[in-house]
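Which chain is which? The protein sequence lines are A and B, in order.
Positions 0 to 348 (numbering that gives the first Met the number 0) are the ones given, in order, by the first sequence.
Positions 0 to 348 (numbering that gives the first Met the number 0) are the ones given, in order, by the second sequence.
Backbone N, C-alpha and C define an ideal beta-carbon position, used for all residues, glycine too.
Everything numeric in this text was worked out from a predicted model, so none of it was measured.
Before any comments, here is the structure.
There are 2 protein chains.
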Amino acid sequence: MQLAEPQDFERVLSSMCTEPHPAAREAAERFLATNPGDPGTYQSVAILEERAVDLLGEVTGHPDPEGYVASGGTEANIQAVRIARNRADTDDPNVVAPASAHFSFTKAADVLGVEYRTAPTTDHRADPEAMAELVDEDTVCVVGVGGSTEYGYVDPIPEIADLAHSVDALCHVDAAWGGFVLPFTDHAWNFQNADVDTLTIDPHKMGQAAIPAGGLLVRDRSLLDELAIRTPYLESTSQVTLTGTRSGAGVASAVAAMEALWPEGYREQYDRSMDNAEWLADQLAARGHDVVEPDLPLVAADLSVPMTEELRSRGWRVSKTGADEMRVVCMPHVTRSMLRSFVADLDWY
Amino acid sequence: MQLAEPQDFERVLSSMCTEPHPAAREAAERFLATNPGDPGTYQSVAILEERAVDLLGEVTGHPDPEGYVASGGTEANIQAVRIARNRADTDDPNVVAPASAHFSFTKAADVLGVEYRTAPTTDHRADPEAMAELVDEDTVCVVGVGGSTEYGYVDPIPEIADLAHSVDALCHVDAAWGGFVLPFTDHAWNFQNADVDTLTIDPHKMGQAAIPAGGLLVRDRSLLDELAIRTPYLESTSQVTLTGTRSGAGVASAVAAMEALWPEGYREQYDRSMDNAEWLADQLAARGHDVVEPDLPLVAADLSVPMTEELRSRGWRVSKTGADEMRVVCMPHVTRSMLRSFVADLDWY
């Protein structure tokens with residue numbers, strides 16, 4: 000069987016992943032055959048992982064970061080809930096999140112045997128009052144989202160952290176997608192400007208690293224220790240990750256992308272992506288569609304389902320929100336000329 | 000920061016990973032920016048994943064295989080236990096395994112909230128009678144190992160499957176490492192020659208694919224359905240994997256390696272690796288060491304701990320068993336000349 004061509008990104012508007020930065024691609028290719036899950040054997044990539052965590056600390060305002068490069072946001076979210084569950088003293092743990100939280104929390108709840116409670120949002124953002132009605136003495140983790148999957152909206156993280164700590168739960172922020180654009184906004188979302196305990200931030204999304212490069216950061220080392228499992232046979236002695244063997248490509252690629260882009264390259268990309276999102280929002284509004292005002296570079300608009308299907312049949316990869324709005328993620332590979340061509344196809348229909 | 004050189008494999012005797020086959024490396028590089036976790040958007044890699052599962056079915060004697068390409072053996076083992084837990088009707092589930100099972104089952108037990116019971120081995124193999132004493136009506140999964148991490152030994156899988164089914168539990172086989180050599184041995188270990196329900200087999204170990212490429216296979220689709228989580232925002236509608244975004248590089252690389260090597264290339268590699276293991280075992284025995292007779296291409300021998308440390312200081316990556324024996328994994332990158340040089344260093348000491 001001949002391997003088909005990989006999907007190119009020319010018409011991909013639905014993905015939260017993107018083409019890796021050239022330096023990130025090169026690093027991934029060089030470190031393809033290394034395993035940071037076995038740091039005693041693969042020492043150079045283990046050192047790179049420390050560097051990755053330090054750089055992620057810079058991005059998230061953590062002067063002394065602890066954490067690791069995960070397979071992606073889902074693993075990081077599962078692990079954050081696992082930390083919260085393991086440190087708590089309850090037989091009936093629950094997690095409280097806004098309804099806008101990513102489905103990985105549903106997965107985490109099934110995997111970890113934790114009850115999952117979601118509160119309705121207000122204008123696409125978490126409503127701390129609605130969440131307050133759901134927390135109790137068995138709540139181990141309260142989740143806030145830094146750039147929601149559906150709308151790219153940012154929750155009021157400081158209030159969510161206060162709510163979490165009022166019941167001795169941890170505050171987890173899922174900034175898997177938003178983490179590399181939020182530093183250039185006025186939002187309070189990270190270890191510096193909110194009382195966050197654990198945080199997901201994925202280099203392989205807006206960070207422009209190659210897949211798989213997610214990130215889990217914790218406020219202090221003791222939280223990570225909740226995850227430690229002894230590791231005989233390896234040259235090292237314990238492992239905190241959810242997976243065992245891991246991709247050195249992801250780790251090296253994350254370091255290369257952050258070295259190349261933090262902070263100025265990411266700032267420029269944020270400006271470009273945000274301009275594109277606002278341009279697209281204006282174009283759609285001018286055509287009579289209801290548009291959800293973009294906060295981060297993501298546009299949702301009330302296009303009919305048949306219209307979305309028609310765009311798909313013309314090769315555009317677009318997806319829908321739970322309310323059947325069409326959703327366009329303005330990733331680095333999404334250029335203005337791509338969007339012009341997309342809008343032209345919309346007009347044709 | 001200049002990225003250091005990745006570990007080369009010239010002195011790596013401890014790893015169960017290896018240099019990818021050239022076709023596997025090329026495929027990984029081409030599919031670096033694809034995400035099989037979003038199959039609606041990344042369609043060509045989704046088709047490749049179906050091909051990967053079909054090929055894994057050929058390797059494991061399953062004419063109609065279901066499963067997916069996981070991040071590695073740990074994910075596949077966790078997911079197998081999760082399937083078993085979710086399908087069972089007990090509030091107090093337990094898993095029974097030989098003491099030789101990989102530490103990922105300890106991790107699975109913590110993650111999934113399952114009790115983990117291990118039975119002593121006899122001559123490095125699972126003892127079904129000792130395991131029978133541990134199973135009860137709350138046992139959801141009984142584990143057998145097809146190539147143990149410490150000694151490369153193969154458990155009596157048909158008896159373990161019988162034991163599992165005697166209490167309506169699933170039989171899971173961990174052939175993460177052994178799966179690509181076992182087809183060339185007389186062992187009964189797979190869907191064809193034993194009554195196995197779920198099986199872990201990692202292309203990125205003896206399969207010579209690039210990391211991350213693990214494999215989870217199940218006897219029938221209903222088992223996989225135990226893992227399904229709804230996925231709004233994606234073009235697809237549900238997800239059975241533990242992670243979300245996944246590596247297209249791993250999937251494409253697994254297909255390329257299996258297309259290039261199954262079955263003859265793997266058979267030749269098995270012959271070479273087994274010859275090397277037997278040669279090394281003879282060399283060590285001739286020098287007065289107690290050697291564990293290799294079954295698959297893995298040699299453990301009773302070298303003193305200081306001797307192992309000395310070899311490490313000379314650049315050799317070797318690891319130890321739980322009983323402090325030195326352990327050498329004869330992966331494809333481990334050549335006879337490497338082993339000659341290793342033995343020469345041993346003599347020098």
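Near B/Glu48, what residues of its chain come up, given a Cβ to Cβ distance below 6 Å and the 5 sequence neighbours on each side ignored? Mapped onto the second sequence, residue 48 of chain B falls at position 49. Result list for B/Glu48: Pro35, Val68, Val250, in chain order.
Reduced DSSP category for B/Lys319 - H, G, I as helix; E, B as strand; rest coil: As a first step, residue 319 of chain B must be located in the second sequence, where it is residue number 320. The answer is strand: DSSP assigns B/Lys319 an E or B state.
Using the three-state DSSP reduction, which class does B/Arg116 fall into: helix, strand or coil? What you label residue 116 of chain B is simply residue 117 of the second sequence in a count that begins at 1. In this structure, B/Arg116 counts as strand in the three-state DSSP scheme.
Where B/Phe102 meets chain A, residues with beta-carbon distance less than 7 Å: The count along the second sequence starts at 1 and reaches residue 102 of chain B at position 103. Here the neighbours are Ile228, Arg229, Thr230, Pro231.
With a threshold of 6 Å on Cβ separation, who are the neighbours of B/Phe183 within its own chain once the five nearest residues in sequence on each side are excluded? Numbered from its first residue, the second sequence carries residue 183 of chain B at position 184. Hits under 6 Å: Arg266, Tyr269.
Do the region 101-118 of chain A and the region 244-258 of chain A touch if we need at least three Cβ pairs shorter than 8 Å? no
Considering only DSSP beta bridges, list what B/Leu198 is partnered with. Numbered from 1 along the second sequence, position 199 holds the residue referred to as residue 198 of chain B. B/Leu198 is bridged to B/Val172, B/Leu216.
Taking C-beta pairs closer than 9 Å, name the residues in chain B that A/Tyr152 reaches, listed in chain order. Mapped onto the first sequence, residue 152 of chain A falls at position 153. None at all; the shortest Cβ gap to chain B is about 13 Å.
Where A/Pro127 falls: helix, strand or coil (DSSP): Counted from its first residue, the first sequence places residue 127 of chain A at position 128. Here A/Pro127 sits in helix by DSSP.
Distance, Cα to Cα, B/Ala23 vs B/Gln238? On the second sequence, position 24 is the one that residue 23 of chain B refers to. On the second sequence, position 239 is the one that residue 238 of chain B refers to. C-alpha of B/Ala23 to C-alpha of B/Gln238: approximately 26 Å in a straight line.
Using a Cβ-Cβ cut-off of 7 Å, state whether A/Glu362 counts as contacting chain B. In the structure as shown, chain A begins at 0 and stops at 348. Residue 362 of chain A is therefore absent and cannot be evaluated.
Name the chain C residues that come within less than 7 Å of A/Arg81, Cβ to Cβ? Judged by its chain identifiers, the structure shown contains no chain C, and its protein chains are A and B.
Reduced DSSP category for A/Pro331 - H, G, I as helix; E, B as strand; rest coil: For this step, residue 331 of chain A is matched to residue 332 along the first sequence. Three-state DSSP puts A/Pro331 in coil, outside helix and strand.
Straight-line Cα distance separating A/Ile46 from A/Glu9: For the purposes of this step, residue 9 of chain A is identified with residue 10 of the first sequence, where counting begins at 1. For the purposes of this step, residue 46 of chain A is identified with residue 47 of the first sequence, where counting begins at 1. Distance between the alpha carbons of A/Glu9 and A/Ile46 is about 36 Å.
Let's see if you can read the secondary structure: which residues bound the beta strand (DSSP E) around B/Val95? For the purposes of this step, residue 95 of chain B is taken as the residue at position 96 of the second sequence. Where B/Val95 is concerned, the enclosing beta strand (DSSP E) stretches over 93-97.
What are the start and end residues of the beta strand (DSSP E) that includes A/Gly66? Indexing the first sequence from 1 puts residue 66 of chain A at position 67. Element bounds for A/Gly66: 65-69.
Check whether chain B comes within 7 Å of A/Arg316, counting only Cβ atoms and requiring the distance to be less than that. Taking the first sequence and counting its residues from 1, the one referred to as residue 316 of chain A is at position 317. Yes, because at least one Cβ of chain B sits closer than 7 Å to the Cβ of A/Arg316.
Under 6 Å Cβ to Cβ from A/Ala299, same chain only, skipping five residues before and after it: list those, please. Your numbering for residue 299 of chain A matches position 300 in the first sequence. Result list for A/Ala299: Tyr150, Val291, Thr320, Glu324, Arg326, in chain order.
Would you call B/Asp281 buried or exposed, if buried means 16 or more other Cβ atoms sit within 10 Å of its Cβ? Position 282 of the second sequence, counted from the first residue, corresponds to residue 281 of chain B. Counting Cβ neighbours within 10 Å, B/Asp281 comes out exposed, since fewer than 16 surround it.
Near B/Asp88, what residues of its chain come up, given a Cβ to Cβ distance below 6 Å and the 5 sequence neighbours on each side ignored? To locate residue 88 of chain B, count along the second sequence from 1; it is residue 89. The answer is none, since no qualifying residue turns up.
Anything in chain B within Cβ reach of A/Asn34, meaning under 8 Å, just list it in chain order. Counted from its first residue, the first sequence places residue 34 of chain A at position 35. By Cβ distance, chain B contributes Ser14, Cys16, Ile210.
Which whole-angstrom value is the C-beta distance of B/Leu55 and B/Ile200, which I expect to be below 8 Å? Position 56 of the second sequence holds residue 55 of chain B. Position 201 of the second sequence holds residue 200 of chain B. B/Leu55 to B/Ile200, Cβ: 6 Å. Contact.
What whole-angstrom Cβ distance do B/Glu349 and A/Ala32 have, given they're in contact under 8 Å? Chain B is shown only over 0 to 348; residue 349 of chain B falls outside these bounds and no answer can be derived.
Rounding to the nearest angstrom, what Cα-Cα distance links A/Glu225 and A/Thr138 in this structure? Translated into positions along the first sequence, residue 225 of chain A becomes position 226. Translated into positions along the first sequence, residue 138 of chain A becomes position 139. Straight through space, the alpha carbons of A/Thr138 and A/Glu225 are spaced by roughly 17 Å.
Beta-carbon of A/Ser70 versus every beta-carbon of chain B: anything under 7 Å? In the first sequence, residue 70 of chain A corresponds to position 71, counting from 1. Taking Cβ atoms only, chain B reaches closer than 7 Å to A/Ser70, which makes this a yes.
Assuming B/Asp135 contacts B/Val166 under a Cβ cut-off of 8 Å, what Cβ separation, rounded to an integer in Å, is found between them? The sequence position of residue 135 of chain B within the second sequence is 136, counting from 1. The sequence position of residue 166 of chain B within the second sequence is 167, counting from 1. 7 Å between Cβ atoms; contact.
Residues that A/Thr138 bridges to, as DSSP identifies them: Within the first sequence, numbered from 1, the residue matching residue 138 of chain A stands at position 139. Paired residue(s): A/Asn93.
What does A/Glu149 touch in chain B if you count any residue whose Cβ is under 8 Å from its own? By one-based count along the first sequence, residue 149 of chain A stands at place 150. Those are Pro231, Tyr232, listed as they occur along chain B.
Between the region 256-269 of chain B and chain A, which residues of the former have a C-beta closer than 8 Å to a C-beta of the latter? Glu258
Would A/His61 and A/Phe190 be called neighbours here (beta carbons separated by less than 7 Å)? Mapped onto the first sequence, residue 61 of chain A falls at position 62. Mapped onto the first sequence, residue 190 of chain A falls at position 191. Yes, these two residues count as a Cβ contact at 7 Å.
A/Ala299 lies in the alpha helix (DSSP H); which residues open and close that run? One-based indexing of the first sequence puts residue 299 of chain A at position 300. Per DSSP, A/Ala299 belongs to no alpha helix (DSSP H); it is in the beta strand (DSSP E), 297-300.
Do we get a CB-CB distance below 7 Å when we pair B/Ser336 with the residues of chain A? Along the second sequence, read from residue 1 onward, the residue named residue 336 of chain B stands at position 337. False, the Cβ-Cβ gap to chain A never drops below 7 Å.
Distance check for A/Asp63 and A/Ala125, CA to CA, integer angstroms please. Counted from its first residue, the first sequence places residue 125 of chain A at position 126. Counted from its first residue, the first sequence places residue 63 of chain A at position 64. Approximately 29 Å between the Cα atoms of the pair.
Please report the Cβ distance between B/Gly71 and B/Gly213, rounded to the nearest whole angstrom; I am assuming they are in contact, meaning their Cβ atoms lie under 8 Å. Stepping through the second sequence from its first residue, residue 71 of chain B is reached at position 72. Stepping through the second sequence from its first residue, residue 213 of chain B is reached at position 214. About 4 Å; that satisfies the 8 Å criterion.
Per DSSP, A/Ser252 is paired with what? Position 253 of the first sequence, counted from the first residue, corresponds to residue 252 of chain A. Answer is none; A/Ser252 lacks a bridge partner.
With A/Pro35 as the anchor, note down where its alpha helix (DSSP H) starts and where it stops. Within the first sequence, the letter at position 36 stands for residue 35 of chain A. That residue, A/Pro35, is in no alpha helix (DSSP H); it is neither H nor E in DSSP.
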